[in-house]
Amino acid sequence: MADGSEAYNIDAFPNADFSARELPRPSFSRTQDVRGLVKHVRTVAWSCDGKKAATGGEYKEIQVWDESLDSKTTTPLPSASKPSPHNHHVSSIAWSPVDPNILVSADKTFSVGSVIAVWDVTSPSAPIATFKTPGDVINLAWHPSGQHFAAVYPVKSRDLVDFFRLSFSESGEPKWEKREDITLGGLSHGIGSEEINSLRFINSGQLVCAVSNDGSVSAWVYPVESVRVDLVEEQVEPEPEQEREQEREQEQEQEHEQEQEQEQEQEQEQEQEQEQEEKEAEVVTEEKEDEVVTEEKEDELATEEKEDEVIAEEKEDEVATEENEEKEDREDKEEDQNEENKQDVEDGPATPELPAIETPTERPLGDVKPAENNGDVEMTETENADAKANEESKGEEAPETNKPEFQDVEMVDAAQSNTQPSSVQPSRQSSPPPPTKTSPKPRAQPLKRYRHDVCYAASLLSLAYDPRGRYFVVGGQDALLSLFDTKEWICEKSFDVCTAAIRHTAFSYDGEFVAIGGDDLFIAIVSVYTGQTVAKIPIPAAVNALSWNPNKNSLAYCHQGKGGVPLWHIVHQE
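In full-length UniProt numbering, the protein residues as written are 1 to 574.
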């Protein structure tokens, strides 16, 4: 404050100045370049004891460095004789906060998902556990207990979070496993289709926090113990207002689901009623058609019978007329003969006797033999009678054949059975057993949201927590870094240092400094208490990773520049 430029700065508090606290003004030395790598570095991290560092590079490379930072003493993971579990660039590395030998790494393949590997650096030949994810891991975060960690990866338009924990078998052997009882992101309640850009556990481990593209900071209750499917255990009691909001949201969701179910049931009932009406209409129409057909056949039979009766009557009339004519002819002939006899008696022998002319006597109809063609007439008459009988029998059988549709299957089966020879026996092979119904897998419970605040107008990209648990910082697309207290989530200070998006932030081990990196061509180190910019470290490209040593103010970082020899860098406080 020698030039008085900070006298009117609202964020400048004299009692927070280094001199007021009897501390020397901090300064950082020149950058130390760490050489010896073959592939470019994409991420770097310190172990919890500060005695080891790990770097992840392109094409599956992982190297563990000791305090000497000599490339000759590095340990590759896995060892040279073993294949790597990763498929491509190693983009994320995180050390356990309690065990300096446990390391988690994840790669980015851009096509087939990612592989998460858990390593014990004391046995580097192979990882102690591996897990596959459908998306590329963009963030790894450890629980303060060192027995849980989380991995964030995108799937389509949503981000998912998988949680992993350390369990012990009956023999007491440790085993890492994925938690199937809880989930976060995706279609779960409270996150929707938002993106999780950075995720961290708070220092107590009771909450897991994340920042999103909508400028919001969210916190969820994290259960350390296993969660039952039908009961979600709570470790932190939310505020009453938030409880009411959550209850209202749940009630609205339940009402919406019930309405949807009722609509579906009504639609199904309507469809069933329509189907029944259609079936009934079809049956009625078929019955009507059958009745019409039978009536038509009966009418045809009646008309045929009437025609036969008329023909028979005409024949009888013809026969009667013929008989009458024959009788009249006989009577006329007899009268003529009688008259002639009378004349002969009266005249005497005057007239010569003529020989009697034999008149051909007609035989009765019953003695006349039928002609050959009469046989055809009789045959046709018998055939007509048989045809009539057949038609009558068909008319009687017609109503039986015209049955509803549900009898067609039986008649077809009967016809098929009649076509088969009687010697064929039915198959005695046992029918295949019905498919066994697999029990549904228990659905993972989404984490219960504890708090959700939209505190930014721009999308948030980074999140970091103070090791002392007092503050957390967020940075985003608007190039502003905001400092919030962890109790009330009130913004206490903003840092307008950067000119481009902030993508990486990290607190020093004592909580005095915050390192800021992003799309700018420098790394800024600011003081939490005074708000001053302590140092600006120039870099040739955007930052890939920032990591403070947990025992001293030494900042390790790497960037995206690929010119020259692969390097990673360290800057120390003097």
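Positions of the beta carbon are idealized from the N, C-alpha and C atoms, including for glycine.
None of the values given here were measured: they were computed from a predicted structure.
For isoleucine 102, the enclosing beta strand (DSSP E) covers residues 102-108. Nearest C-alpha to alanine 545 among Ala45, Lys493, Tyr450: Ala45. Under the DSSP assignment, glutamate 67 falls outside any beta strand (DSSP E); it carries neither an H nor an E label. Straight across, the Cα-Cα distance linking glutamate 322 with threonine 303 is about 29 Å.
DSSP lists Arg165 as the beta-bridge partner residues of glutamate 177.
Residue pairing by DSSP puts serine 212 in a beta bridge opposite Ile196.
Note on geometry: alpha-carbon atoms of phenylalanine 163 and glutamine 274 lie some 50 Å from one another.
Distance from alanine 126 to valine 137 at the Cβ level is roughly 20 Å; contact not present, criterion being Cβ atoms closer than 8 Å.
When only Cα atoms are considered, glutamine 477 and tyrosine 456 end up about 10 Å apart.
For glutamine 32, the enclosing beta strand (DSSP E) covers residues 32-34.
Here glutamate 313 is exposed, its C-beta having fewer than 16 other C-beta atoms within 10 Å. Classified as buried, alanine 219 has 16 or more neighbouring CB atoms from the shown chains inside 10 Å of its CB. Contact holds between the region 558-566 and the region 533-548, because three or more Cβ pairs, one in each stretch, are under 8 Å apart. Here glutamate 492 carries a strand assignment [DSSP, helix/strand/coil]. Shortest Cα-Cα distance from aspartate 519 to any of Ile525, Asp510, Arg503 involves Arg503. Judged by DSSP secondary structure, alanine 506 falls within the beta strand (DSSP E) whose first and last residues are 502-507. The straight-line gap separating the alpha-carbon atoms of aspartate 70 and threonine 505 is approximately 27 Å.
For alanine 94, the three-state secondary structure derived from DSSP is strand. Judged by beta-carbon spacing, serine 96 lies beyond the 8 Å limit of tryptophan 65, meaning their Cβ atoms are not closer than that value. Secondary structure of lysine 39 (DSSP, three-state): coil. Nearest in C-alpha terms to isoleucine 537, of all of Asn549, Asn551, Glu512, Val497, is Val497.
Taking C-alpha positions only, glutamine 206 is separated from lysine 178 by approximately 19 Å. Annotation: lysine 52 to serine 216 spans about 35 Å, alpha carbon to alpha carbon.
Close CB contacts of asparagine 213 within its chain, under the 8 Å cut and outside five residues either way in sequence, are with Glu194, Glu195, Asn197, Ser459, Leu460 (chain order). Ranked by Cα distance from threonine 122, the first of Ala556, Asp99, Leu160 is Asp99.
Short of 7 Å from the beta carbon of glutamate 574, and not among the five residues preceding or following it, lie these beta carbons of its own chain, in chain order: Ser27, Phe28, Ser29. In this structure, serine 204 lies away from leucine 140, with their beta-carbon atoms at least 8 Å apart. The three-state secondary structure of asparagine 544, taken from DSSP, is strand. Taking a C-beta distance under 8 Å as the contact criterion, proline 85 and threonine 130 qualify as a contact pair. Spanning the alpha carbons of lysine 108 and glycine 511 requires a straight line of approximately 32 Å. Using a 10 angstroms sphere on the CB of phenylalanine 472, the tally of other CB atoms reaches 16 or more, which defines it as buried.
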